[in-house]
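First to last, the protein sequences are chains E and A.
Here the first sequence is numbered in our numbering, starting from 7 and rising by one per residue.
Here the second sequence is numbered in our numbering, starting from 7 and rising by one per residue.
Think of the CB as a built atom: it goes at the ideal place given N, C-alpha and C, for glycine as much as any other residue.
Step one of this worksheet: look at the structure below.
Number of protein chains: 2
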Amino acid sequence: MSESHASPFVSFKAEWIGLEAERRLVRLSQYGADDRGGVTRLLYSASWIDAQQALAAQMAEDGLEVRLDSVGNLYGRLQGEAENEGVIVTGSHLDTVVGGGKYDGAFGIVAGMMALRSLKERYGRPRRSIEVVSLCEEEGSRFPLTCWGSGRILGSYSSAIAATIEDGDGITLQAAMQEAGFANEEKEPIRSDIAAFVELHIEQGGRLEDEGLSIGIVDRIVAQKRATVTVRGRSNHAGTTPMHLRKDALAAAVEMIEKLYRKVNEEGGPLVATVGFMKLVPNTPNVIPEQVTFTVDMRHPDDFVLDNCFAACKAEFNASASRLGLSLNMDLWMDSKSVAMNASLQGLLREQCDRSGVRWRTMASGAGHDAQLFAPFYPTALLFVPSRGGISHSEHEYTSPEELGTGIERLTELLYELGYRNREGNAS
Amino acid sequence: MSESHASPFVSFKAEWIGLEAERRLVRLSQYGADDRGGVTRLLYSASWIDAQQALAAQMAEDGLEVRLDSVGNLYGRLQGEAENEGVIVTGSHLDTVVGGGKYDGAFGIVAGMMALRSLKERYGRPRRSIEVVSLCEEEGSRFPLTCWGSGRILGSYSSAIAATIEDGDGITLQAAMQEAGFANEEKEPIRSDIAAFVELHIEQGGRLEDEGLSIGIVDRIVAQKRATVTVRGRSNHAGTTPMHLRKDALAAAVEMIEKLYRKVNEEGGPLVATVGFMKLVPNTPNVIPEQVTFTVDMRHPDDFVLDNCFAACKAEFNASASRLGLSLNMDLWMDSKSVAMNASLQGLLREQCDRSGVRWRTMASGAGHDAQLFAPFYPTALLFVPSRGGISHSEHEYTSPEELGTGIERLTELLYELGYRNREGNAS
Numbered sequence: 007m008s009e010s011h012a013s014p015f016v017s018f019k020a021e022w023i024g025l026e027a028e029r030r031l032v033r034l035s036q037y038g039a040d041d042r043g044g045v046t047r048l049l050y051s052a053s054w055i056d057a058q059q060a061l062a063a064q065m066a067e068d069g070l071e072v073r074l075d076s077v078g079n080l081y082g083r084l085q086g087e088a089e090n091e092g093v094i095v096t097g098s099h100l101d102t103v104v105g106g107g108k109y110d111g112a113f114g115i116v117a118g119m120m121a122l123r124s125l126k127e128r129y130g131r132p133r134r135s136i137e138v139v140s141l142c143e144e145e146g147s148r149f150p151l152t153c154w155g156s157g158r159i160l161g162s163y164s165s166a167i168a169a170t171i172e173d174g175d176g177i178t179l180q181a182a183m184q185e186a187g188f189a190n191e192e193k194e195p196i197r198s199d200i201a202a203f204v205e206l207h208i209e210q211g212g213r214l215e216d217e218g219l220s221i222g223i224v225d226r227i228v229a230q231k232r233a234t235v236t237v238r239g240r241s242n243h244a245g246t247t248p249m250h251l252r253k254d255a256l257a258a259a260v261e262m263i264e265k266l267y268r269k270v271n272e273e274g275g276p277l278v279a280t281v282g283f284m285k286l287v288p289n290t291p292n293v294i295p296e297q298v299t300f301t302v303d304m305r306h307p308d309d310f311v312l313d314n315c316f317a318a319c320k321a322e323f324n325a326s327a328s329r330l331g332l333s334l335n336m337d338l339w340m341d342s343k344s345v346a347m348n349a350s351l352q353g354l355l356r357e358q359c360d361r362s363g364v365r366w367r368t369m370a371s372g373a374g375h376d377a378q379l380f381a382p383f384y385p386t387a388l389l390f391v392p393s394r395g396g397i398s399h400s401e402h403e404y405t406s407p408e409e410l411g412t413g414i415e416r417l418t419e420l421l422y423e424l425g426y427r428n429r430e431g432n433a434s
Numbered sequence: 007m008s009e010s011h012a013s014p015f016v017s018f019k020a021e022w023i024g025l026e027a028e029r030r031l032v033r034l035s036q037y038g039a040d041d042r043g044g045v046t047r048l049l050y051s052a053s054w055i056d057a058q059q060a061l062a063a064q065m066a067e068d069g070l071e072v073r074l075d076s077v078g079n080l081y082g083r084l085q086g087e088a089e090n091e092g093v094i095v096t097g098s099h100l101d102t103v104v105g106g107g108k109y110d111g112a113f114g115i116v117a118g119m120m121a122l123r124s125l126k127e128r129y130g131r132p133r134r135s136i137e138v139v140s141l142c143e144e145e146g147s148r149f150p151l152t153c154w155g156s157g158r159i160l161g162s163y164s165s166a167i168a169a170t171i172e173d174g175d176g177i178t179l180q181a182a183m184q185e186a187g188f189a190n191e192e193k194e195p196i197r198s199d200i201a202a203f204v205e206l207h208i209e210q211g212g213r214l215e216d217e218g219l220s221i222g223i224v225d226r227i228v229a230q231k232r233a234t235v236t237v238r239g240r241s242n243h244a245g246t247t248p249m250h251l252r253k254d255a256l257a258a259a260v261e262m263i264e265k266l267y268r269k270v271n272e273e274g275g276p277l278v279a280t281v282g283f284m285k286l287v288p289n290t291p292n293v294i295p296e297q298v299t300f301t302v303d304m305r306h307p308d309d310f311v312l313d314n315c316f317a318a319c320k321a322e323f324n325a326s327a328s329r330l331g332l333s334l335n336m337d338l339w340m341d342s343k344s345v346a347m348n349a350s351l352q353g354l355l356r357e358q359c360d361r362s363g364v365r366w367r368t369m370a371s372g373a374g375h376d377a378q379l380f381a382p383f384y385p386t387a388l389l390f391v392p393s394r395g396g397i398s399h400s401e402h403e404y405t406s407p408e409e410l411g412t413g414i415e416r417l418t419e420l421l422y423e424l425g426y427r428n429r430e431g432n433a434s
């Protein structure tokens, strides 16, 4: 066996590793599988609980020490020699959007588990402890807040907020958490012992594929705003109410959304905006809608540009509501600033990619990730593998085994440098 | 006591009668009551069954022979002397829209029961049998079809269709009917013994109130079309998909609805159109909508004008879908022509109103009613009482006791002429 490689990892077979990752992802996707091939695994739902339990069993099989914190973040730990040099953490989120894919979030967890198993088998005990975490929630698909898992680890959310947040069925986050067996105060989620956080994720866009690249090294996550808009008019009979006497909440909402899209298209990329959720009351064919609720999701890498565009749209919405004589409420429930990733870790990744002959690029992330909650507190890296056709949040989400394997190799080598050789990262 | 009145009914106290009607309507509104003061009584639901049973008990107390047919239409009969001169039928529908009012449909049933009780107490057995009917369904709020009750009586729907129609939860009309204890073949709903049909209803619009009138004598019910439009695009991530690469089903639907309202407003009254129902898939804030389903309800008194406007909107929808590269399906599930009411019965009502000093007008009905299914087969009359503020299909629906009482007096007198004096109507 030749030992001439510059890196001990080049001899790994990316595709073989990727096939094992794919098998694990397919197994995990049975929890919350729908009949179209998609996955719906909302926070604290039955399928989420089953998936988290399956991961715990797999972590134990991978030789890791398993623990759950009080909100349902699941950790697998590879104990290190040094007690006071902090913990290297890798991982991503277990929850999905409604009708999502097999890779989003889940890949970062599976990759972390496989990397830790491989490191343990090859190199034994690391200097710093290394952990993989399956974060309980990131998407904001069940409750109107995102990154509940990493947010609690970093103290961005208090436990008190859980009693005030409700899902679409009026169940509070607190009640859902208790129903799932969490919310005990024993294993407090907040941590202060992290030396570095590394997240591996699918790109969820089409740039890497377009450019024939295998790895995206993220330098920045875009700023995001999400708001819920409620328009209130007057319900009335669809046949007997002349058009000019109506207070039709949907007609007003349609005008607002049309203005939103026109404005965003005029501004041009990289600004994006989406109305993904809408609810009519009473939602009956022959009744004029009294109330329409819809969400606005708007993103841009530059905080200032995003603030301006959002304010302009809000002014347009108010102008429509006022002209049509309807009431309007806008609840801005997410307002995250643009976040930079750690420069030293980006440098280390670039070096490793170049040494291994992996084609990479630096890029911004148009999607939010748990990494953005860690980045203000700890040296944080975010790596992407390509998404076929740029498709995500859909049953058509796909990354080839070879590309999965290349991502896992890069993650494994980075964790080796951080955990075994103490390159970069904070001492806690 | 003076006997100088031209009509025996002028001495009735409209307000006293109306207060009894209001008490009955309030009692009935407990079945399906919501916490806003509205009523939701969907076909074959638990609240619908309870309400129909309460009406059956009340009919028996009013001295009527009670029977249910095989789809759940409830009859109260006042037996006449003549066997071969047909039956005079009055009544309306028991079901409501989601979050509807206490008066729509229910008033016509309550009024019929009170009229029959009053006629029986004052005049005994009529010449022709007179029946009040509580029709099982008219609104089309649970299943995508309207007037299931009168449609089955008149043979407009076959029983076979019930297996093919589903509600929003995927329950077939057939299954819902069986669950409610109907769909036995013993008491076949089809009838051929009707001499005349009379329906008393709230106006659901504001013309009578505006003009200070008590009774609307309907000459024509508008033509109506209702369609379900399905737009299919491609689901994708709200943050990583540039605007120009999206196939956003909601953005397309918004453009279509905006065009629809612009076209209808340009055409002007009496054309009306409403998008009352909308459903997004997957309906999540951070996912681009893959599919949007919405309904279009369009009405005009002139069949030809309605056909043209609807076709023009359909062409606009197709143009949008084609330009944006999305697929479009339009399912026209209701297409009812304009229907004229019986001229002789209108004349009789005008005479009676004038004789009693009741202020009335002739008007078209912008709403569909069970009367329009009876009208092509039997002499049919439709009378309106005012709706406060023109509001209907809402918890704010209201008609004063005095106006309810005036309507019941007019109905009672018309039934007297038809049932006791054999004025007008077909011999069966």
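For the candidate residues A:Leu160, A:Leu179, A:Ile177, A:Gly222, whose alpha-carbon lies nearest to that of Ser198 (chain A)?
A:Leu160
Quick one: what does DSSP say Ile223 (chain E) is sitting in, helix, strand or coil?
strand
Between the C-alpha atoms of Leu31 (chain E) and Gln64 (chain E), what's the straight-line distance to the nearest angstrom?
12 Å
8 Å is my cut-off, CB to CB: does His99 (chain A) come that close to chain E?
no
Below 8 Å on the Cβ atoms is my guess for Met347 (chain A) versus Leu388 (chain A); work out the distance and round it to an integer in Å.
Confirmed, Cβ separation roughly 6 Å.
Would you mind stating whether Ser135 (chain A) and Leu70 (chain A) have Cβ atoms separated by less than 8 Å?
No, Cβ-Cβ distance for Ser135 (chain A) and Leu70 (chain A) is not below 8 Å.
Just checking, does the segment 136 to 153 of chain E make contact with the segment 119 to 128 of chain E on the three C-beta pairs under 8 Å criterion?
yes
Just verifying my parser: in three-state terms, what is the DSSP assignment at Asp303 (chain E)?
strand
At which residues does the alpha helix (DSSP H) containing Asp360 (chain A) begin and terminate?
349 to 362
Measuring alpha carbon to alpha carbon, tell me which of E:Gln210, E:Asp225, E:Leu277, E:Gly239 ends up nearest Arg231 (chain E).
Checking the sequence, you will find Lys at residue 231 (chain E) rather than Arg. When each option's Cα is compared against that of Lys231 (chain E), the closest is E:Leu277.
Kindly confirm or deny that the segment 263 to 270 of chain E and the segment 370 to 389 of chain E touch, where touching means at least three C-beta pairs closer than 8 Å.
no
Considering Arg73 (chain A), what are the terminal residues of the beta strand (DSSP E) in which it resides?
Its beta strand (DSSP E) spans residues 71 to 74.
Tell me, to the nearest whole angstrom, how far the beta carbon of Val228 (chain A) is from that of Ala370 (chain A); I am working on the premise that it is less than 8 Å.
The pair is a contact, with the Cβ atoms about 6 Å apart (cut-off 8 Å).
With a threshold of 7 Å on Cβ separation, who are the neighbours of Gln58 (chain A) within its own chain once the five nearest residues in sequence on each side are excluded?
Gly78, Leu80, Leu100, Ser140
With a threshold of 8 Å between beta-carbons, can Pro291 (chain A) be considered close to chain E, or not?
yes
Between E:Asp216, E:Arg131, E:Phe149, which lies nearest to Ile397 (chain E) when the distance is taken from Cα to Cα?
E:Asp216
Please confirm if Phe283 (chain E) has its CB atom under 8 Å from at least one CB of chain A.
yes
Can you name the residues that DSSP bridges to Trp366 (chain A)?
A:Ile221
Between the segment 262 to 281 of chain E and chain A, which residues of the former have a C-beta closer than 7 Å to a C-beta of the latter?
Ile263, Glu264, Tyr267, Val270, Asn271, Gly275, Val278, Thr280, Val281
What's the call for Phe310 (chain A), buried or exposed, on a 16-neighbour Cβ count within 10 Å?
exposed
Closer than 7 Å by C-beta to Ala88 (chain E): which residues in its own chain qualify, once you throw out the five before and the five after it? Chain order, please.
Arg133, Arg134
Determine the chain E residues that contact Gln210 (chain A) at a beta-carbon separation under 8 Å, and present them in chain order.
His243, Gly245, Thr246
Should Thr418 (chain A) be listed as close to the ligand GTP, given that the test is whether its C-beta is under 7 Å from any heavy atom?
This structure does not include the ligand GTP; it has no bound ligands of any sort.
Taking the straight line between their C-alpha atoms, what separation do you get for Asp254 (chain A) and Glu172 (chain A)?
27 Å
Anything in chain A within Cβ reach of Asp303 (chain E), meaning under 7 Å, just list it in chain order.
Ala244, Pro291, Asn292
Helix, strand or coil, according to DSSP, for Val16 (chain A) in the structure here?
The pLDDT assigned to Val16 (chain A) is 42, lower than 50, so where the model puts this residue is not dependable, and the model offers no usable value.
I'd like to know whether the C-beta of His399 (chain A) is nearer than 8 Å to at least one C-beta of chain E.
yes
Just verifying my parser: in three-state terms, what is the DSSP assignment at Lys320 (chain A)?
Residue state, collapsed to three classes: helix.
Taking the straight line between their C-alpha atoms, what separation do you get for Glu21 (chain A) and Ser156 (chain A)?
31 Å
Let me check understanding here. Comparing Cα to Cα, which of A:Ile23, A:Ala186, A:Val302 lies closest to Phe323 (chain A)?
A:Val302
How would you list, in chain order, the residues of chain A whose beta-carbon sits under 9 Å from the beta-carbon of Glu322 (chain E)?
Under the 9 Å cutoff, chain A gives no residues; its nearest Cβ is about 14 Å from Glu322 (chain E).
At which residue ranges does the segment 176 to 220 of chain E contain complete beta strand (DSSP E) runs of 3 or more residues, listed in the order of the chain?
Here the runs fully enclosed are 200 to 208.
Per DSSP, what are the beta-bridge partners of Met262 (chain E) in this structure?
Looking at the DSSP assignment, Met262 (chain E) forms no beta bridge with any residue, so it has no partner.
In chain order, what residues of the same chain have a beta carbon less than 6 Å from the beta carbon of Met7 (chain A), not counting five sequence neighbours either side?
Confidence is the limiting factor: at Met7 (chain A) the pLDDT is only 36, short of 50, which leaves the residue's position unreliable and the question unanswerable from this model.
If we cut at 8 Å on Cβ distances, does Val104 (chain E) have a partner in chain A?
yes
Which of the three DSSP states is assigned to Leu251 (chain E) in this structure?
helix
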